[in-house]
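Below: one structure, written as structure tokens.
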Ligand SMILES: [Fe+2]
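Below you can see the structure in the form of structure tokens.
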């Protein structure tokens, strides 16, 4: 074959299809700092520098890439490519939209069906741009997900002259360049072909910091980052657009100045490759190319209406089919769980967990860790109480704020009923290394007879402080339970595994949960165990009591207290 075509000059722009062009346009103006440069065929063209566009927004559903614009330097290069594609039996197709800002073009599809437009002659726009804190320098790159990695890499190499910059374990990911930028195209192995994200280049770290502040002010979540990628060495943050596309804002991308000496690296498939600072994986929805809407709290939205700070959460779990979980919205910025009545099953120790909202990220404990929320609980529906149990017994239906360490199985918990509060420290073997599938006898609860009015809001906070370790013996860990800022319980302990696998095991990362629980059957002390008055032979009993629990202002923090 002839020498591969080598004249793609740059990634010019990406054209995105969105269901609401006006809403998307406002977002890219206000949040990303782009300006409208043109309109045509209901499409909006936007720019960040003197070039006619770095982004085009086309109306349509489903959201995703409409086409990708690659630029060649002149008409000759375009004709060379036309011949080259013909020689390679690549079918070209006519451009189906009128394009106001660029010259001649060739359109064709890559092995994943993505429409590629190679064009020449992008217009310049003379008018100065308004000042903006967040304006990118240029369009950066696009990252595709593909079930055809080898074929795709071969196509971008042979047909368009992209060179491999780096890979992950051979075929899991490939970054390719057409100019000194380490990557203009990236490919991630996946079951389904789609765009994962597209990136705009930001001037430097300082400017990226302004972007983060700007996003925070405008209530747009950062779904991953800030961080630094291994391949490309670039700083990154990822955020969703209103249609659910994922945008990357990036800086300090590695420049390959010397093609002759550059050696691609094959990176290991470990979290530290994608996030060299913290080794955190992106959230699950990121890996499915789902940016999610900002009003979807589970995407990690930092603020939904007033009163919300940080809650990175992603999984609802309603174990009881009667449980109704309501996510916060702009008019009611609260999590709420309603359970009209409970089904109790004494044979299943885990049955006491009725509904749970669990963070999908874990937070490092660092030098200490705190999780807090305001919580209000109403117990109701006691008319059908068949055994005359005290409806204020918190064991019979309580709202909880809890933190869980999946590594050790440690759980610290506030359980709050009508008027009474329990503070617990438990360990669940289910997630611990010696998993047996049962609750281990590590419970350590205390019933605090705190008088609270039914339905009243109180602020609950859990603190964990890891003890300093000696050479041969572990230092004691400490936990505190605070209600309205006052310490109501404090515990110190040394955690070891039984049988010991290592001399010390400490929680390293917590996830936060909000949930409703009943009964603590297996807690072997005077305050837990069987609830007096309840049928001792019950196996599956409908009990009339229900609970409505509400949480707001959920926060976490790290550091010493
Ligand atoms: Fe990227």
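Residue numbers (this note's numbering): 4 to 564.
Don't be surprised by glycine CBs; every beta carbon is placed ideally from N, CA and C.
Since the model is a prediction, treat every value here as computed from it, not as a measurement.
Say yes only if the C-beta of residue i is nearer than 7 Å to one or more non-hydrogen atoms of ligand 1, and no if none qualify.
i: residue 172; result: no
i: residue 219; result: no
i: residue 293; result: no
i: residue 255; result: no
i: residue 426; result: no
i: residue 177; result: no
i: residue 200; result: yes
i: residue 153; result: no
i: residue 185; result: no
i: residue 149; result: no
i: residue 189; result: yes
i: residue 521; result: no
i: residue 157; result: no
i: residue 146; result: yes
i: residue 251; result: yes
For residue i, name the three-state secondary structure that DSSP assigns.
i: residue 315; result: The predicted position of residue 315 is uncertain, since its pLDDT is 42 and thus under 50; a value taken from the coordinates is nonetheless stated next. Reduced to three states, the DSSP call for residue 315 is coil.
i: residue 49; result: strand
i: residue 100; result: coil
i: residue 359; result: strand
i: residue 15; result: strand
i: residue 506; result: Low local confidence applies: a pLDDT of 45 at residue 506 is under 50, so the model's placement there is unreliable, and no value is given.
i: residue 305; result: Note that residue 305 scores a pLDDT of 33, beneath 50, so its modelled location is shaky and nothing firm can be said.
i: residue 165; result: coil
i: residue 290; result: helix
i: residue 133; result: coil
i: residue 489; result: strand
i: residue 110; result: strand
i: residue 468; result: strand
i: residue 441; result: Caution applies to residue 441, whose pLDDT of 39 falls short of 50 and renders its modelled position unreliable; the value that the coordinates give is listed next. The answer is coil: DSSP assigns residue 441 none of H, G, I, E or B.
i: residue 524; result: Because the pLDDT at residue 524 is just 46, under 50, the model does not fix this residue reliably, and the value given afterwards should be weighed accordingly. In this structure, residue 524 counts as coil in the three-state DSSP scheme.
i: residue 420; result: coil
i: residue 90; result: helix
i: residue 77; result: coil
i: residue 276; result: helix
i: residue 212; result: helix
i: residue 532; result: With a pLDDT of only 48 at residue 532, under the threshold of 50, the placement of this residue in the model should not be trusted; the figure read from the coordinates follows. In the structure shown, residue 532 sits in coil (DSSP, three-state: anything other than H, G, I, E or B).
Out of the options, which one is the CA nearest neighbour of residue i?
i: residue 106; options: 424, 82 and 50; result: 82
i: residue 62; options: 35, 20, 68 and 454; result: 20
i: residue 143; options: 361, 255 and 127; result: 255
i: residue 25; options: 39, 13 and 15; result: 39
i: residue 186; options: 415, 11 and 167; result: 167
i: residue 276; options: 326, 172, 251 and 294; result: 172
i: residue 203; options: 250, 552 and 359; result: 250
i: residue 176; options: 235, 382, 339 and 343; result: 235
i: residue 96; options: 116, 140 and 45; result: 116
i: residue 359; options: 34, 521 and 114; result: 521
i: residue 237; options: 211, 221, 118 and 126; result: 211
i: residue 469; options: 486, 457, 496 and 335; result: 496
i: residue 567; options: 258, 336 and 114; result: Examination of residue 567 is not possible in this model, given that the chain is present from 4 through 564 alone.
i: residue 163; options: 245, 120, 407 and 192; result: 120
i: residue 268; options: 90, 549 and 178; result: 178
i: residue 10; options: 180, 273, 37 and 41; result: 180
i: residue 228; options: 266, 193 and 278; result: 278
i: residue 466; options: 131, 423, 407 and 478; result: 407
i: residue 258; options: 91, 70, 169 and 416; result: 169
Would you check if the distance between the CB atom of residue i and the CB atom of residue j is smaller than 8 Å?
i: residue 419; j: residue 405; result: no
i: residue 102; j: residue 43; result: yes
i: residue 51; j: residue 151; result: no
i: residue 122; j: residue 72; result: yes
i: residue 230; j: residue 281; result: yes
i: residue 344; j: residue 325; result: yes
i: residue 403; j: residue 492; result: no
i: residue 135; j: residue 190; result: no
i: residue 54; j: residue 125; result: yes
i: residue 368; j: residue 514; result: no
i: residue 197; j: residue 205; result: no
i: residue 17; j: residue 60; result: no
i: residue 243; j: residue 287; result: no
i: residue 338; j: residue 554; result: yes
i: residue 428; j: residue 411; result: no
i: residue 112; j: residue 183; result: no
Does ligand 2 have even one heavy atom less than 7 Å from the beta-carbon of residue i?
i: residue 154; result: For ligand 2, the structure offers nothing, since it holds only ligand 1.
Quick one: complete beta strand (DSSP E) runs, 3+ long, within the segment 180-210? Whole beta strand (DSSP E) segments, 3+ residues: 188-192 and 197-204.
Tell me the start and end of each unbroken beta strand (DSSP E) in the segment 219-267 that is at least 3 residues and wholly inside, in chain order. At a cut-off of 3 residues, the continuous stretches assigned as beta strand (DSSP E) that sit fully inside the segment 219-267 are 227-231, 238-243 and 249-254.
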